[in-house]
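Per my numbering, residue 83 is the first one in the sequence shown, and the count goes up by one each step.
Using N, Cα and C, we set each Cβ at its ideal position, and we do this for glycine too.
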Amino acid sequence: MREWRPTMSALSRRLLLLLTLALAPITNLRAQLSFTFDYSLDSGFFSGANAGRRLYLEAVGSYVSQFLTATSLAGITVGGSNTWTAQFTSPSNPATTHSVTDLSVAANAVVVYVGAAGLGSSVLAQAILPGITASGEDGWASNTVLKRTVGASTYTRASVAALSFNSSTNWFFDSTPLANSSFAGQYDFFSVAAHELLHVLGFGDTRGGSGWDKNLFSGAFAGGRSLEEKTDTPFGIPLNAGRDHWAANTLSFSTRDGAVQEPLMDPDIAAGVRKYVTSLDLRALNDIGYAAMLTAVPEPSAYALGAGIFCLIWVWRRRRGQS
Ligand SMILES: [Zn+2]
């Protein structure tokens, strides 16, 4: 990565100080989203001899976070009558359901339990959204744990998720992911992890009432900011059959250099290919609620998101017929 080291005059320094002071309250309110990775359910992919892989994952988390500087998620703090539970498929054992009760989540943070498992020959990784039950003081469950309000709209909140990588995949870990790299025959951990983290945020969440779901129109994605880019499909941008990714062969622009690129949230990726977040991916994140300030709206008492276990699993298939 390139560093930016400006030389500064004393006046510039003073101006910077003034600007910093002036912007401080705004920065506090409109903070950067952060991913908190939890490795307690990992069974070796990120542990022991592979513990060094955590740095690669943290770097991907930072990469995705940098696009979400105006996030306003309240922290989840339990106590008194407030209690909540998240249930999700274990990232290291798809046959096991894991349950987390009364997890504290910092403001603007999303907790991601990571691990790896044999996911079959066509799946590189999967993001797993939890089923959540919550109850407590008036409005706490619905406003703090389960949803958030941005402007005049209400969105499903991202608070905790699981992320499982295929332990059998031949992964490429890149310490310089923003540089051009060559890795024929290997699958790019950077691209796949970034893709799944966007799912964690709610991209492709087809559960009723989610920010994504509310933008679906006749099976296509009709978010206003996304349509501004895709003016050739004014009634909705085509999606894949599962309605949780852009349709294959969709094109957008890389945030790295503006080059035409398949979106990160395309349904598949071939070996040897790197994908960056594209402008269309970012527009969709805006459409599902990640650009504006949170405004809490009082709502009555306990509420549950769905009934029982509520897992969504995305698969990112290898493209057949491509090397
Ligand atoms: Zn996906």
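Boundaries of the beta strand (DSSP E) in which residue i is found, first to last residue
i: Gly213; result: 213-217
i: Ala244; result: 242-248
i: Asp120; result: 116-120
i: His277; result: Note, His277: premise wrong, no beta strand (DSSP E); alpha helix (DSSP H) at 271-282.
i: Gly197; result: 191-199
i: Ser181; result: 175-183
i: Phe127; result: Run containing Phe127: none; DSSP gives neither H nor E here.
i: Tyr237; result: 235-238
i: Thr337; result: Per DSSP, Thr337 belongs to no beta strand (DSSP E) and is neither H nor E.
i: Arg230; result: 229-232
i: Phe170; result: 165-172
7 Å CB neighbourhood of residue i in its chain, flanking five on each side removed
i: Val342; result: Leu333, Phe335
i: Glu140; result: Phe119
i: Asn132; result: Gly126
i: Ser163; result: Gly218, Glu219
i: Ser235; result: Gly371
i: Ser250; result: Gly200
i: Lys229; result: Thr236, Tyr237, Thr238, Arg239
i: Asp348; result: His327, Trp328, Ala330, Thr332
i: Ala104; result: Caution applies to Ala104, whose pLDDT of 36 falls short of 50 and renders its modelled position unreliable; the value that the coordinates give is listed next. Nothing listed; no residue qualifies.
i: Glu381; result: With a pLDDT of 32 at Glu381, under the threshold of 50, the modelled position of this residue cannot be trusted; read the value that follows with caution. The answer, listed in chain order, is Gly221, Ser224, Asn225.
i: Asn297; result: Phe303, Ala304, Gly305, Asp369, Ile370
i: Trp294; result: Gly284, Phe285, Gly286, Asp287, Thr288, Ile370
i: Thr360; result: Ser334, Phe335, Ser336, Thr337, Gln343, Pro345, Leu346
i: Gly291; result: Thr238
Neighbourhood of residue i by C-beta, 6 Å cutoff - its chain only, sequence neighbours within 5 removed
i: Arg356; result: Asp270, Ser273
i: Ser263; result: Asp256
i: Pro259; result: Phe272
i: Leu150; result: Leu115, Tyr372
i: Ala168; result: Val182, Pro212, Ile214, Val242
i: Ala266; result: Gly354
i: Val379; result: Per-residue confidence for Val379 stands at a pLDDT of 26, beneath the threshold of 50, marking its modelled position as unreliable; no derived number is given.
i: Val146; result: Ala276, Leu279
Limits of the alpha helix (DSSP H) - the one that residue i falls within
i: Gly143; result: 135-147
i: Asn368; result: 361-369
i: Arg307; result: 306-311
Buried versus exposed, by CB contacts within 10 Å (16 or more), residue i
i: Ala261; result: exposed
i: Phe317; result: exposed
i: Thr171; result: buried
i: Thr313; result: exposed
i: Asn331; result: exposed
i: Gly371; result: buried
i: Phe117; result: buried
i: Asn252; result: exposed
i: Phe299; result: exposed
i: Ser181; result: exposed
i: Phe191; result: Residue 191 is actually Ala in this sequence, not Phe. By the neighbour-count rule (16 or more Cβ atoms within 10 Å), Ala191 is buried.
i: Gly143; result: buried
i: Leu309; result: buried
i: Ser383; result: With a pLDDT of 36 at Ser383, under the threshold of 50, the modelled position of that residue is not reliable, and no figure is offered here.
i: Ser122; result: exposed
i: Thr226; result: buried
i: Gly157; result: exposed
i: Ala366; result: buried
i: Leu137; result: exposed
Own chain partners of residue i with C-beta closer than 8 Å, once the 5 adjacent residues on each side are dropped
i: Asn248; result: Ala198, Ala199, Gly200, Leu201, Gly202, Val205, Leu206, Ala207
i: Ala302; result: Thr315, Phe317, Gly318, Ile319, Pro320, Leu321
i: Asp124; result: Pro173, Ser174, Val196, Gly197, Ala198
i: Ser129; result: Tyr121
i: Thr165; result: Thr183, Asp184, Ala216, Ser217, Gly218
i: Thr179; result: Gln169, Phe170, Thr171, Ser172, Ile391
i: Ser186; result: Gly157, Ile158, Thr159, Val160
i: Val282; result: Phe117, Val192, Val194, Ala209, Leu211, Ala240, Ala243, Leu245
Ligand 3 heavy atom lying under 7 Å from the CB of residue i
i: Gly286; result: As presented, the structure is devoid of ligand 3, carrying ligand 1 as its sole ligands.
Proximity test, Cβ basis, 8 Å: residue i and chain B
i: Leu123; result: The structure shown contains no chain B; it is built from a single protein chain.
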